[in-house]
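The structure appears below as structure tokens.
There are 2 protein chains.
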Amino acid sequence: MPNPTAAILIIGDEILTGRTREGNAHFLAGELARAGITLRQIRVIPDDHATIVACVRELSAGHDQLFTSGGIGPTHDDITADAVAEAFGRTIGVRDDAREILARHYAARGVEFTEARMRMARIPEGAALIDNPVSAAPGFSVGNCHVMAGVPNIFQAMVMGLLPRLQGGAPLISRNWQLMIAEAAVADQLRALAEAHPGVSFGSYPFVNDAGQYGTNLVARGTDLAAVEAAHAALRATFPEGA
Amino acid sequence: MPNPTAAILIIGDEILTGRTREGNAHFLAGELARAGITLRQIRVIPDDHATIVACVRELSAGHDQLFTSGGIGPTHDDITADAVAEAFGRTIGVRDDAREILARHYAARGVEFTEARMRMARIPEGAALIDNPVSAAPGFSVGNCHVMAGVPNIFQAMVMGLLPRLQGGAPLISRNWQLMIAEAAVADQLRALAEAHPGVSFGSYPFVNDAGQYGTNLVARGTDLAAVEAAHAALRATFPEGA
């Protein structure tokens, strides 16, 4: 059976205007590879209701799982929850269980539970809450769409709580072989290796090190450990000067 | 006249498998904001021919400019040029001007001009070359689609050569106001400010500093300098405790 597929939808003007360098997708990409869920697309879009609705519909229909990041805070530009509810044809309102979680959190800290904070208890009907061990305000799952915060430490904590609940597959195994020669110098042999190992994906990634020297990382990837190890052995044998 | 719009298409399995944290989109996002080109989407997709063709068609039709990063090197997994040619219905082959650029570069360095390196001279018919002052192998523009390397220093050099040739608009101006209070505590006043300044976009971005203290960055953005400055003045007056 092939691995389940996934997409990540990052919501936020701050990424598209160049203010913030996005990192949540990179974190989740690594976790999905380990969980055996094949990430097929990452998309970044603005804080725009119609755009969010359309992208949630498209990406949730086209993948087994959709993960979103951003736009579920207390301010006027946090519009993700309403857009996801609309995308799935659900109503949305303050839900008792989410309100209780926030009320306990603020009471324990002597913080007033304002109307603005109450916004974070607005959850689409029928959604399952995603635990937020950092700042209480929960994420939620509607259908196959998992809605999480954009603040990196909160996003990461939500992912670590959510992923064990999802159907995974065979973990992606990657083996690296680094050469201090130019990418073009390995192209022919690498193509032959790729053809000889059809169940393994070969990538080549040129780099420049701190000393200004050019090199190439060769990567063999796949979900069959024996096949990836055989490919890695072939890389080592073909390019014995690597490390 | 509204600013031109753009999308960025990042091509590479290494991003989706979590191996590489993508940074080219962040760099280009900042440059586009300065050039007055409104970035509406960033999308990351795998090294898959049909996916690249479909996404290039969709995103080039839906935006004034499309920028791609990745997949134009010498190895078997570099399939972007062929896919872009197909997306625009162009033939592709080794082009004399691109071959000359590479031939001179390798001759000057005493490097053999191999078949693998010749792959980097394959350019769609009618494309304009994008200069690569780092390692010679050019990018190219077909229609409104600008195809550039994935290696960050090469990507950045290509962008800096390309952008002055494109139609820009009014630069995006951003002003920041940082508060050491929680986001929820500013929500009501921020919403009122957003309503009072309709030509300006207000964002709020919570953070935790190294000392573990929570704070919020408030950002006013727009293309009208006077309007953004007025919004920033209103932020300072409303939250005098900020900096």
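Chains as they are written, first to last, in the numbering used here: chain P, 1 to 243; chain X, 1001 to 1243.
Just so it is clear, CB atoms sit at the ideal spot from N, CA and C, and this is done for glycine as well.
Give a yes or no on whether the C-beta atoms belonging to residue i and residue j are separated by under 7 Å.
| i | j | result |
| --- | --- | --- |
| P:Ala272 | P:Phe239 | Nothing can be reported for residue 272 of chain P: it is not among the residues displayed for chain P, which extend from 1 to 243. |
| X:Arg1117 | X:Pro1074 | yes |
| P:Gly139 | P:Phe88 | no |
| X:Gly1169 | X:Gly1036 | yes |
| X:His1076 | P:Arg109 | no |
| P:Leu28 | P:Ile8 | yes |
| P:Leu193 | P:Ala234 | yes |
| X:Pro1046 | X:Asp1097 | no |
Pick out whichever of the options has its Cα sitting closest to the Cα of residue i.
| i | options | result |
| --- | --- | --- |
| X:Leu1039 | X:Ser1174, X:His1063 and X:Gly1070 | X:His1063 |
| X:Arg1236 | X:Leu1009, X:Gln1189 and X:Gly1023 | X:Gln1189 |
| P:Ala247 | P:Asp82, P:Gly143, P:Gly89 and P:Gly150 | With chain P running from 1 to 243 in the structure shown, residue 247 of chain P is simply not present. |
| P:Glu115 | P:Ala108, P:Gly139 and P:Gly93 | P:Gly93 |
| P:Ala230 | P:Ser174, P:Ala108, P:Arg34 and P:Asn144 | P:Ser174 |
| X:Ala1182 | P:Glu112, P:Phe155 and P:Pro124 | P:Glu112 |
| X:Ala1006 | X:Ile1015, X:Ala1061 and X:Ala1194 | X:Ala1061 |
| P:Ala185 | P:Gln167, P:Arg119 and P:Ser204 | P:Ser204 |
| X:Asn1176 | X:Leu1218, X:Arg1090 and X:Glu1022 | X:Leu1218 |
| X:Met1291 | X:Ala1233, X:Gly1242, X:Asp1224 and X:Phe1155 | With chain X covering only 1001 through 1243, there is no way to say anything about residue 1291 of chain X. |
| P:Gln167 | P:Ala107, P:Leu9 and P:Gln65 | P:Gln65 |
| X:Ala1107 | X:Arg1095, X:Ser1135, X:Ala1127 and X:Gly1126 | X:Ser1135 |
| P:Gly30 | X:His1026, X:His1197, X:Thr1020 and X:Gly1030 | X:Thr1020 |
| P:Leu32 | P:Gly150, P:Thr216, P:Pro4 and P:Ala211 | P:Pro4 |
| P:Asp210 | P:Met180, P:Gly150 and P:Arg57 | P:Met180 |
| X:Arg1057 | X:Ala1196, X:Cys1145, X:Ala1226 and X:Arg1165 | X:Cys1145 |
| P:Ala187 | X:Cys1055, X:Arg1119, X:Ala1127 and X:Glu1195 | X:Arg1119 |
Within its chain, find whatever has a CB closer than 7 Å to the CB of residue i; leave out the 5 residues flanking it on each side and keep chain order.
| i | result |
| --- | --- |
| P:Thr80 | Ile11, Ile52, Thr68, Gly70, Gly71, Ile72 and Val147 |
| X:Tyr1214 | Ala1182, Pro1206 and Val1208 |
| P:Pro152 | Gly23 and Asn24 |
| X:Met1154 | Per the sequence shown, residue 1154 of chain X should be read as Ile rather than Met. Excluding positions up to five away in sequence, the list reads Asn1132, Val1134 and Ser1135. |
| X:Gln1156 | Phe1027 |
| X:Arg1095 | Ala1121 and Ile1123 |
| X:Ala1054 | none |
| P:Glu241 | Leu179 |
| P:Ala127 | Phe140, Ser141 and Val142 |
Can a CB atom of chain C be found closer than 7 Å to the CB of residue i?
| i | result |
| --- | --- |
| P:Val84 | This model lacks chain C altogether, as its protein chains are P and X. |
Less than 8 Å between C-beta atoms, sequence neighbours within five positions excluded: which residues of the same chain meet that for residue i?
| i | result |
| --- | --- |
| P:Gly18 | none |
| X:Gly1222 | Leu1172, Ile1173, Gly1199, Val1200, Ser1201, Val1228 and Ala1231 |
| P:Pro124 | Ala81, Val84, Ala85, Phe88, Arg90, Thr91, Ile92, Phe140 and Val142 |
| X:Leu1059 | Ala1007, Leu1009, Gln1041, Arg1043 and Leu1066 |
| P:His197 | Ala220, Ala227, Ala230, Ala231 and Ala234 |
Grab me the residues of residue i's own chain with a C-beta within less than 6 Å of its C-beta, minus the 5 sequence neighbours each way, in chain order.
| i | result |
| --- | --- |
| P:Arg34 | Pro171 |
| P:Ala243 | Gln178 |
| P:His49 | Ile79 and Ala83 |
| X:Ala1149 | Ile1072 and Phe1155 |
| P:Arg165 | none |
Could you check whether the Cβ of residue i sits closer than 6 Å to any heavy atom belonging to the ligand ADP?
| i | result |
| --- | --- |
| P:Pro133 | Looking at this structure, you won't find the ligand ADP or any other ligand, since it has none at all. |
Below 8 Å between beta carbons is the criterion; list the residues of the segment 186–217 of chain P that meet it against any residue of chain X, in chain order. Val186, Ala187, Asp188, Leu190, Arg191, Ala194, Ser201, Phe202, Gly203, Ser204, Tyr205, Pro206, Phe207 and Val208
With three or more C-beta pairs closer than 8 Å as the rule, is the segment 1151–1171 of chain X touching the segment 1124–1131 of chain X? yes
Flag this pair as touching only if the segment 91–111 of chain P and the segment 40–49 of chain P have three or more C-beta atom pairs under 8 Å; answer yes or no. no
According to a CB-to-CB cut-off of less than 7 Å, which residues of the segment 159–181 of chain P neighbour chain X? Leu172 and Ser174
Using Cβ-Cβ distances below 7 Å, what residues of the segment 39–58 of chain P are close to chain X? Leu39, Arg40, Gln41, Ile42, Arg43, Val44, Ile45 and Pro46
Give, in chain order, every residue of the segment 4–25 of chain P whose Cβ lies closer than 9 Å to some Cβ of chain X. Of all residues in the segment 4–25 of chain P, only Ile8, Ile10, Gly12, Asp13, Glu14, Ile15, Leu16, Thr17, Gly18, Arg19, Thr20, Arg21, Glu22, Gly23 and Ala25 come within less than 9 Å of chain X when Cβ atoms are compared, listed by chain position.
Report the residues of the segment 132–159 of chain P with a CB closer than 8 Å to any CB of chain X, ordered along the chain. Val151 and Asn153
Return the residues of the segment 1060–1081 of chain X that lie within a Cβ-Cβ distance of less than 7 Å from chain P, sorted by chain order. Within the segment 1060–1081 of chain X, Gly1073, Pro1074, Thr1075, His1076 and Asp1077 place their CB atoms closer than 7 Å to a CB of chain P, listed in sequence order.
Identify each residue in the segment 218–230 of chain P for which the Cβ-Cβ distance to at least one residue of chain X is less than 8 Å, and report them in chain order. Interface annotation for the segment 218–230 of chain P against chain X: Val219 and Arg221, criterion Cβ-Cβ distance under 8 Å.
Using a Cβ cut-off of 9 Å, which residues of the segment 1113–1132 of chain X contact any Cβ in chain P, in chain order? Thr1114, Glu1115, Ala1116, Arg1117, Arg1119 and Met1120
Check distances from the C-beta atoms of the segment 1026–1038 of chain X to those of chain P and list, in chain order, the residues that come in under 9 Å. His1026, Phe1027, Leu1028, Ala1029, Gly1030, Glu1031, Leu1032, Ala1033, Arg1034 and Thr1038
Taking a cut of 7 Å between CB atoms, which residues from the segment 88–113 of chain P lie near chain X? Hits within the stretch: zero.
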